[in-house]
Structures are given as C-alpha cells and as structure tokens.
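Q:
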Amino acid sequence: MPSGHDRRRTPGLRRDEVALLAGVSVDYYMRLEQGRERRPSDQVIDALARVFHLDAEAAEYLHQLARTRSRRCGGDGEDEQVKPHVLLLLDSWNHGPAAVLNRRTDVLAKNALAVAFVEGFEHADNILRMLFLNPVAKGFFPDWEKEARHMVAHLRAVVGADHEDPCLLELVEELSEESEAFRQMWARHDVRSRRGDAVRYRHPLVGDLILWHESFSVDSAPGQRLFTTRADPGSPSEEALAKLRAMKRLCLH
Numbered sequence: 001m002p003s004g005h006d007r008r009r010t011p012g013l014r015r016d017e018v019a020l021l022a023g024v025s026v027d028y029y030m031r032l033e034q035g036r037e038r039r040p041s042d043q044v045i046d047a048l049a050r051v052f053h054l055d056a057e058a059a060e061y062l063h064q065l066a067r068t069r070s071r072r073c074g075g076d077g078e079d080e081q082v083k084p085h086v087l088l089l090l091d092s093w094n095h096g097p098a099a100v101l102n103r104r105t106d107v108l109a110k111n112a113l114a115v116a117f118v119e120g121f122e123h124a125d126n127i128l129r130m131l132f133l134n135p136v137a138k139g140f141f142p143d144w145e146k147e148a149r150h151m152v153a154h155l156r157a158v159v160g161a162d163h164e165d166p167c168l169l170e171l172v173e174e175l176s177e178e179s180e181a182f183r184q185m186w187a188r189h190d191v192r193s194r195r196g197d198a199v200r201y202r203h204p205l206v207g208d209l210i211l212w213h214e215s216f217s218v219d220s221a222p223g224q225r226l227f228t229t230r231a232d233p234g235s236p237s238e239e240a241l242a243k244l245r246a247m248k249r250l251c252l253h
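If you're matching positions, the sequence shown starts at 1 in UniProt numbering and goes up one per residue.
(1) Taking three-plus beta-carbon pairs below 8 Å as touching, is the region 211–220 in contact with the region 173–183?
(2) Taking 8 Å as the cut-off, decide whether the C-beta atoms of A124 and V107 are in contact.
(3) Assign F216 to buried or exposed, taking buried as 16 or more other Cβ atoms, counted over all protein chains shown, within 10 Å of its Cβ.
(4) Could you pull out every residue in the same chain whose Cβ sits closer than 6 Å to the Cβ of F117, ignoring the five residues on either side in sequence?
(5) The beta strand (DSSP E) that contains D197, what's its start and end?
(6) Which same chain residues, not among the five before or five after residue 255, have their C-beta less than 6 Å away from its C-beta?
(7) Around the C-beta of K146, are 16 or more other C-beta atoms found within 10 angstroms, so that it is buried, or is it exposed?
(8) According to DSSP, is S217 part of a helix, a strand, or is it coil?
(9) Looking at C-alpha atoms only, which residue of L21, I45, D55 and H95 is the closest neighbour of K243?
(10) I'd like the list of long-range same chain contacts for G4, defined as Cβ closer than 6 Å, with 5 residues on each side in sequence excluded.
(11) Nearest CA to the CA of N102: which residue from M151, L20 and G139?
(12) Inspect the beta-carbon positions of E225 and P142 and report whether they are closer than 8 Å.
Here's what the structure looks like:
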C-alpha cells in the first residue's frame, strides 16, 4: 500500500489481521491484493487507509488507484505542448533556472538559465533519468538520496490514477532495469507531492548553491507544472547564478 512517510506502513500484519481491522473478509482482501476486485467502495478504501496509517495525500492516491482507467501513451498529446503564454512566463523568470515538466518529469521547456545550469548533462530531458542514470548526478546533488526519494514519491503523487499510462510504465521499467536505487525507492510506494523546499547543488562551474524550489500547476494544460527556483537575495548562491549568467552571456529580459 502507498505511504507518504518512511515508516508509515503497519509492520507485521498478516492478511487476516488487515482484513479484520478493515472490516472485510479475508477472501475479499485477497481479491483486492491480486487485482481481481476492481471496484472497492470508498468506505473500504478509507478503512484500509486507516489500517495502514496513510496520510491524507497517500489516502487520496489510494482512492485514485481504485478509480483508475487505462490511457494511451501521452493521451492526446496535449500535455506535451507548452502554450505560448506559458513559454513567455517561463522566459520572464530571471531569478533562477525554471522549467515546465509533465507528469513523467519530462522537461518540456526551460528558460535560458536552466539550459546553462544543466549544460552538458546526460539525460537532462527527464528529471528522473538525470537523477538515476546520469553518472555525475550524485556529485551535482550533495543530498542526492533525499532528492531522489522526493522525486520518486512526487512521481507517484502527480501520476495518480494515470499510473497505467504506457509512457510512464516504460519509464519505470527503464529505470528499474538500469538503477537498483530507483527499483528500491519505487518499491517503497511513497506518495508525496513536491513542495517548496531548498535544494543544494554543487555546480561544476560556479560551485555550491542553495536554491528554493516552488512549482505551480498549469491549469490550461492538465499534467503540466511550472518549476521555479531562486536564491536568497544577497546570498552567495545569488552571486553564483549571476556568475553563471555572465559566463554564458545570458541577458535578462
């Protein structure tokens, strides 16, 4: 069952104990586990969420799984196209690197400073691939394990009921085959949307930085999110970004 925190799962419960606590039969619970029962009621889902001590976000994710529907890879393509007004907004963000991502953490567009920030990096077209398949990622992210776990949990949270999207399944299969770390983190079933927080970087050109991250849903394009970063005013990190702009001769709008 999904969980939002490291130790949210209830340890040591057998199937019959879970069924008893949730108020369902063992046979019914086994059918749920095996995917043979596909329409559990909201009351059953709420009961299971209580048994497994899920927080509100993880419990909602469980409800979404119960309402899941299959879909084509990328749907009708809408979530791959960044609208012109969003691109203008993206380009006007001069405080730090910024990008538009879809549910699978594909980078659909980025501003000039984001291009410079990850210049030369392998797999920069997808955040999860960059984290798990780029050999220099652990040096670029001093808190790599924390950042990787946050992004894996974020993927589960934002995908929600679209977890059967063929493109998502392909990404998960690729990462699972090529990264033991991803395979272990994905198996945890942690669910946690990315929230505003500070991320440490060790950039090969300008050294250590701390950037605050915040993301915003693009309501006109479901599934897209605008990720922004900025340094604290007057901080060494802000100076490092200014140095990077100068090195790459980036102009502010």
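The beta-carbon is built from N, C-alpha and C at its ideal position, and this holds for glycine as well.
Quantities reported herein were computed from a predicted structural model and do not represent experimental measurements.
A: Taking the structure as given:
(1) no
(2) yes
(3) exposed
(4) P97
(5) D197 to H203
(6) Because residue 255 is not part of the residues shown, which for the chain are 1 to 253, the question remains open.
(7) exposed
(8) strand
(9) H95
(10) With a pLDDT of 40 at G4, under the threshold of 50, the predicted position of this residue should be treated as unreliable, and no value is reported.
(11) M151
(12) Reading off the sequence shown, one finds Arg at residue 225, where the question assumed Glu. No, the pair does not count as a contact, with Cβ atoms beyond the cut-off.
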